[in-house]
Each structure stands twice: as C-alpha cells, then as structure tokens.
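Residues 1 to 274 (the numbering used here) are what the sequence shown spells out, left to right.
Beneath this line is the structure, given in structure tokens, with notes to follow.
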Amino acid sequence: MSRLTTSVVRVRSTPAIRLTGLGRVFTPLWLPVLLVVAWWVLSASSTSPFFPPLQDILTETWNQWVVFGAWTNAVSSVQNLLIGYVAGVLIGLVGGSVLWRLRLVRTAMNPIIYFLYVLPAPALLPAMIAIFGIGDMRQIALIALGAIWPTLLNTLDGMRGIDGVKFDTARALRVGGWRQYFSVVLPGASPQIAAGMRASLTVGIILMVVSEMVAAQSGIGYFILQAQASFAIKKMWTGIVVLAVLGTVLNYLFMFAERMILRWYYRSRALSGS
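Dropping the structure here:
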C-alpha cells in the first residue's frame, strides 16, 4: 500500500512538459500538414470527376477566387456573419445577465428558452424568408438567432457558478450595483462566456452557409450550390476549401483575442498548474 501511494505521489509531482519557441508553432501544425500532404499524394493520380487532384483544386481556387473575382462572395458572407454574430452575442449576453439577476423571470422563461434552443435554426429558414424576404436581412436574422443560445446559456451558467465568497467580499467593500456587475460578475463568468461565444461563432458559420443555399444571390454557400447544380465539381471544391480556410482563420482570430482579453485567467491557471 505504501509503495502504491508513493508511486501516485511521484506521478502527480511530475512537471508538465512545456513547449517553447518552435515547439509551440510546429506542435499544432504537424497533423494538418501531414493530412494535406497525404491528400495531395493520394489524389495526384485521381481520374474521378467527383474527387479531382488537390493540385487541380488549388489551381482552380486561385483562378476562381482571385483572378475571376469570386472573392466578392466571401466578402458578402463575412459581412452577414459578423453582423448576425455580434447581434446574437449581445442579445445572449444581456439576456443571460437578466436571467441571472431576476430569478422569477428565469424560472418562467426556462421552458421557452430550452424549446427555442433545441429547435434547429435551419428549420426556421422558410419562416425567415416569409418575414424578411430574400435579402441579407433574412440571413443576418437567422445567424443571430442561432448565435444567441450558446452565449446566453453559458453566460447564465457562468454567473450562477461564481463563488458566493466574492459577493460577500464585494458587499463588505460596499461594491454593489453596476460596479459589482462589471468588477465581480463579468470577470468571474468571462471564461465560460468566452466558451459560449466561441460556440456561437461555430453555429453562425454553419447558418451562414445554410442561409446562402436557399433563395440567395451571393455568398460562399450560394457559390457552392450553383457550382454543384451546374456539375462544375472542381469549382464546387474551391468553395469548400475557401469556407474551410475562412472558418479556421476566424476561429484562430477568436482564440487570439480570447487569450489577450483573458490573459489574467490563463496566467492564474498556469500558476495553479491546472
């Protein structure tokens, strides 16, 4: 029994491997690079019209999205995504804060919130077309509707999970009202709020594409659907590649902003060894 206890203590006391310099750059990149190389090699001799060689796809991507000006579809998509995402996140943040503050409202709204949360947003696309028409407003509204719920629920859970000792300390220091909200509540719930905002971004990107595939006149989803309908398979693949690159870039930009804003949180986790 003593040997087992000693071995457990030794395992727990082993310091974690910390990456520095080039290790931080290459560690998250080796697998994506390996997959791209494998795709390039395995598809090099492909004669299937549905799975062309990666080299041909990349060449067509340059021609379509740079030379022929299809980049305007990406601009339209990003514009609608950002407007809808910001609107949804703000509604979710305010709504979660109100529900945390007003218990009776939270109890009354719980069934409605979870009903709307589990309702697939793409199912509301016909209703959005009937209400907003086929313009950009319909796409923005659908993105915003989908982006609300991850942020709202994470905001509510994050605020409810704050240690009561912090509120006792704030009251002892006579910190109340809006000052308590901005100095205690928001910082305490900010890691979980950021997680909800990141989930909202993923939902927003999905709904951006879905909304552009029905009754749209521009956008990446529109470009992909039109290429598929005209059997321009290589052109269709270029839209998929651009969408994947766009989603990856937006995700990493969000992670970078999160690291900068929540630097204090990640430093405290590093010091505590978690």
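All C-beta atoms, glycine included, are put in the ideal place defined by N, C-alpha and C.
Since this is a predicted model, take the numbers as computed values, not measurements.
Reference residue i; option with closest CA among the options
i: I57; options: A270, W264, Y252 and K235; result: K235
i: V41; options: S48, L29, Q55 and A244; result: Q55
i: T248; options: W237, L201 and I129; result: L201
i: L275; options: W71, I91 and S230; result: Because the chain spans 1 through 274 in this model, residue 275 falls outside it and cannot be assessed.
i: A141; options: L29, G88 and A199; result: G88
i: G239; options: E258, G176, Y85 and S218; result: S218
i: V210; options: D157, I224, F231 and L186; result: I224
i: M213; options: R198, A199 and A229; result: A229
i: S97; options: V241, Q180, W264 and V245; result: Q180
i: I233; options: T61, L93, L119 and T27; result: T61
i: A199; options: A144, P187 and V245; result: A144
i: G133; options: A216, V37, F26 and E258; result: A216
i: D157; options: Q192, L35 and I131; result: Q192
i: G84; options: Y222, R138 and V185; result: R138
i: T59; options: Y252, V241 and Y266; result: V241
Alpha-carbon spacing of residue i relative to residue j, whole angstroms
i: P337; j: M255; result: Since the first and last residues shown for the chain are 1 and 274, residue 337 lies out of range.
i: T155; j: I112; result: 17 angstroms
i: R174; j: L271; result: 30 angstroms
i: M109; j: M159; result: 17 angstroms
i: S183; j: S268; result: 17 angstroms
i: I148; j: M197; result: 9 angstroms
i: G146; j: G177; result: 31 angstroms
i: D136; j: P32; result: 34 angstroms
i: W264; j: E258; result: 11 angstroms
i: P15; j: L250; result: Its pLDDT being 47, under 50, P15 is placed unreliably by the model, and the measurement read from it follows with that caveat. Using only the alpha carbons, I get a separation of about 33 angstroms.
i: V94; j: L186; result: 11 angstroms
i: W237; j: V37; result: 17 angstroms
i: K166; j: Y114; result: 29 angstroms
i: I129; j: S76; result: 18 angstroms
i: Y222; j: Y266; result: 40 angstroms
i: L34; j: L253; result: 23 angstroms
i: R101; j: A172; result: 20 angstroms
i: A244; j: S43; result: 19 angstroms
i: G164; j: L119; result: 34 angstroms
Three-state class that DSSP yields for residue i in the structure shown
i: T47; result: coil
i: R198; result: helix
i: W264; result: helix
i: G161; result: coil
i: G95; result: helix
i: A121; result: helix
i: M213; result: coil
i: V175; result: coil
i: G239; result: helix
i: G247; result: helix
i: G84; result: helix
i: L145; result: helix
i: F254; result: helix
i: A270; result: helix
i: L35; result: helix
i: A232; result: coil
i: F132; result: helix
i: P191; result: helix
i: S77; result: helix
i: P28; result: coil
Beta-carbon gap between residue i and residue j smaller than 8 angstroms
i: P52; j: S46; result: yes
i: I162; j: A194; result: no
i: I261; j: A74; result: no
i: Q79; j: A70; result: no
i: A121; j: L207; result: yes
Integer-rounded CB distance, given that residue j should sit under 8 angstroms from residue i
i: I275; j: L104; result: Past the edges of the chain, shown from 1 to 274, lies residue 275, and the structure says nothing about it.
i: L116; j: R106; result: Between R106 and L116 the Cβ distance is about 15 angstroms, and since that is not below 8 angstroms, they are no contact.
i: V203; j: P150; result: 6 angstroms
beta-carbon residue i near the ligand FAD non-hydrogen atom, thresh 7 angstroms
i: A232; result: Only the bare structure without any ligand can be found here, which leaves the ligand FAD out of the picture.
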